[in-house]
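Colleague:
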């Protein structure tokens, strides 16, 4: 079985290396020198994500060493000069041609590549760019083509490998099988993101902030997807991680180069042409405009469980109010009664149309009060879905998958959403695995422009996985222990209650663990006007576990607490190291205008990456600036403020 296991891995490695070699050969001229790995790669993240560390002892760091940098990609042999034909006359000794000064094109490439974490790799790729004139935007589009080509090949290779693993499951552990399956899903998702970026840039008539932010978010999501795949293989203690780490790491570097070039070029063009923020979409012909609170009342009143759902009443009957409104394409009911449309939320999601646009309106799913023991995944094709419940602890979605029971952290969630513009209102999401099962996610969110309003998230370790893209949470309750808000999204929390629970013996609580791996990713966790305190079980403990505001999962981790109440449950130092001093000089942690007994910063950590923010710095992390939420949140009719308290 070990032989089969290794041979399958070797096959996968061979295919990946061939794929990487194809990329290099397609971007390098025939006489290009061998590809060099970057001289100044960013600080490498610790190998163990917040979803995978063992219980945090009071005096011992995580046991795994930091991940090693990807090894140098395969080199190409230098091209051989053609043999000289025989000559009947004496030949003159060859003269050495004078060295050519750098061309304008190469100088432009050097400047552009400084915006990436891997400038040498960037210059190597751009050496094949022959179009004229050359500028950062054209460079970015060129690397996008290479990324898309490579992502498609990588997706096919992983899927073929996953099929081999499924046919012979005894040759791999269940954890390895799950990790490879996750890699396949993430690779396919990256292809969709890159295709979306390409299409949106082609179709764009104007350069707007909304377009730039959307493109940067998707490209950052591609980098995050690749990192999640690598983390999952390693956390499964798989031999695949050591075999595949280098080629997968090489592809991740390519994605990072493209992210840096495209994001910086678009930002420059936006400033040059003073682009607008972008419009908020209106509605299509079939959509009905309805205030959110009115919609909720209509659903609950006309579909009361004590009587038949009244189909003769139009959702638009109550009209539009000045307080705002949303577009409703269709509304369905989930519940146990005869006239309900579905009995499970999964069935309702499957009935939603695919790939709808913002102007098409929301497909509304009203889930009656009840306990929904189902594992729900809203795929990237299911967009514009609004899930409405009957309230916290009334409509409950629950599961108990965990890392200890063989699930990857990525796929341990009770509820997962990938489709754009998802909205949840008045729902509880729960993972009941318990602290002894370690990583057990209640919600995993990969959805761009997603919003959770008046919801609760209940778990222990890794409760809320804010995986990637742009997210907003308003008036929510979040419970957990170790790293219970984690991931690499640009996530803003407003007016939320965040409660640390009692962990296992010798564990320490960390509220956040952000996972930014690339300085060009516009991601971070922003907690504004929230309450951070102890849950009843932790508060009642005479010797409570130490609780911290966060710890740096990855080298560019970014988290801020702004105008929030911080209770004495938080340790005076505020923050916790992940693995010694790793990343403490490259992270961005900050606090601004907080209050409460735990908000005193006089004894806070003295890390290079930690600071007390001023007003201008705090404003960077608002809805208005950090996620451009004012271009997509109004269509949800959910309350929010774009700036800070008392400063708007």
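Residue numbers (the working numbering): 139 to 786.
Cβ coordinates follow ideal geometry from the N, Cα and C atoms, glycine included.
Predicted model, so just to flag it, every value in this text is computed and none were measured.
Looking at residue 376 and residue 608, is the spacing between their C-beta atoms short of 8 Å?
Modeller: no
Colleague: Whether or not the segment 746-761 and the segment 717-728 are in contact is what I'm after, with contact meaning three or more pairs of Cβ atoms, one per stretch, closer than 8 Å; do they touch?
Modeller: yes
Colleague: Could you tell me the distance, in whole angstroms, from the CA atom of residue 742 to the CA atom of residue 750?
Modeller: 10 Å
Colleague: Measuring alpha carbon to alpha carbon, tell me which of 325, 649, 631 ends up nearest residue 665.
Modeller: That would be 631, whose Cα lies nearest to the Cα of residue 665.
Colleague: Using the Cα positions of residue 770 and residue 339, report the straight-line distance between them to the nearest angstrom.
Modeller: 19 Å
Colleague: Do the segment 648-656 and the segment 671-689 touch if we need at least three Cβ pairs shorter than 8 Å?
Modeller: yes
Colleague: Can you give the Cα-Cα distance for residue 488 and residue 523, rounded to whole angstroms?
Modeller: 11 Å
Colleague: Helix or strand or just coil, what does DSSP make of residue 217?
Modeller: Only weak support is given to the placement of residue 217: the predicted model assigns it a pLDDT of 39, under 50, and the value that follows is read from those uncertain coordinates. Reduced to three states, the DSSP call for residue 217 is coil.
Colleague: Could you give the uninterrupted runs of the alpha helix (DSSP H) lying entirely in the segment 320-397, keeping only those of 4 residues or more?
Modeller: 347-373
Colleague: Check the C-beta distance from residue 548 over to residue 320 and give it rounded, since I have them as a contact under 8 Å.
Modeller: 5 Å
Colleague: Output the distance between the C-alpha atoms of residue 603 and residue 310, rounded to the nearest integer angstrom.
Modeller: 27 Å
Colleague: Using a Cβ-based criterion (distance less than 7 Å to any ligand heavy atom), does residue 550 qualify as near the ligand ATP?
Modeller: This structure simply doesn't include the ligand ATP, nor any ligand for that matter.
Colleague: Please determine, among 256, 763, 553, the residue with the shortest C-alpha to C-alpha distance to residue 596.
Modeller: For the residues 256, 763, 553, the minimum Cα distance to residue 596 belongs to 553.
Colleague: Quick one: Cα of residue 574 to Cα of residue 559, how far?
Modeller: 34 Å
Colleague: Taking its Cβ as the centre, do 16 or more other Cβ atoms sit within 10 Å of residue 501, making it buried, or is it exposed?
Modeller: buried
Colleague: Over what stretch of residues does the beta strand (DSSP E) that includes residue 471 continue unbroken?
Modeller: If you look at residue 471, you'll find it in the beta strand (DSSP E) that goes 464-472.
Colleague: State whether the segment 298-310 contacts the segment 279-287, with contact taken as three or more CB pairs (one from each stretch) at a distance under 8 Å.
Modeller: no
Colleague: Using the Cβ count rule (16 or more neighbours within 10 Å means buried), how would you classify residue 625?
Modeller: buried
Colleague: Under the rule that 16 or more other beta-carbon atoms within 10 Å means buried, what is residue 782, buried or exposed?
Modeller: buried
Colleague: Leaving aside the five residues before and after residue 293 along the sequence, list all residues of the same chain whose C-beta is less than 6 Å from its C-beta, in chain order.
Modeller: 325, 326, 329.
Colleague: Give me the DSSP bridge partner(s) of residue 615.
Modeller: 594, 635
Colleague: Checking the sheet assignment: what are the DSSP bridge partners for residue 525?
Modeller: 503, 562
Colleague: Using only the alpha-carbon positions, how far apart do residue 249 and residue 264 sit?
Modeller: 12 Å
Colleague: What first and last residue would you give for the beta strand (DSSP E) that runs through residue 621?
Modeller: 620-625
Colleague: Tell me, please, whether the segment 492-500 touches the segment 528-537 by the rule of three or more beta-carbon pairs shorter than 8 Å.
Modeller: no
Colleague: Three-state secondary structure (DSSP) at residue 654?
Modeller: coil
Colleague: Between which two residues does the beta strand (DSSP E) containing residue 607 stretch?
Modeller: No residue range can be given for residue 607, since it is assigned to no beta strand (DSSP E) and is classified by DSSP as neither H nor E.
Colleague: I need the DSSP call for residue 263, collapsed to helix, strand or coil.
Modeller: helix
Colleague: Residue 734 by DSSP, collapsed to three states: which one?
Modeller: coil
Colleague: How is the beta strand (DSSP E) around residue 697 delimited, first residue to last?
Modeller: 696-700
Colleague: Just curious, the beta strand (DSSP E) that residue 513 is in, first and last residue?
Modeller: Residue 513 -> no beta strand (DSSP E), and no H or E assigned at all.
Colleague: For residue 635, tell me which candidate among 629, 670, 707, 605 has the shortest Cα-Cα distance.
Modeller: 670
Colleague: Taking the C-alpha atoms as reference points, what is the distance between residue 550 and residue 246?
Modeller: 46 Å
Colleague: Start and end of the alpha helix (DSSP H) containing residue 486?
Modeller: 483-489
Colleague: Applying the 10 Å Cβ sphere with the 16-neighbour rule, what's the burial state of residue 719?
Modeller: Exposed, because fewer than 16 other Cβ atoms sit within 10 Å of the Cβ of residue 719.
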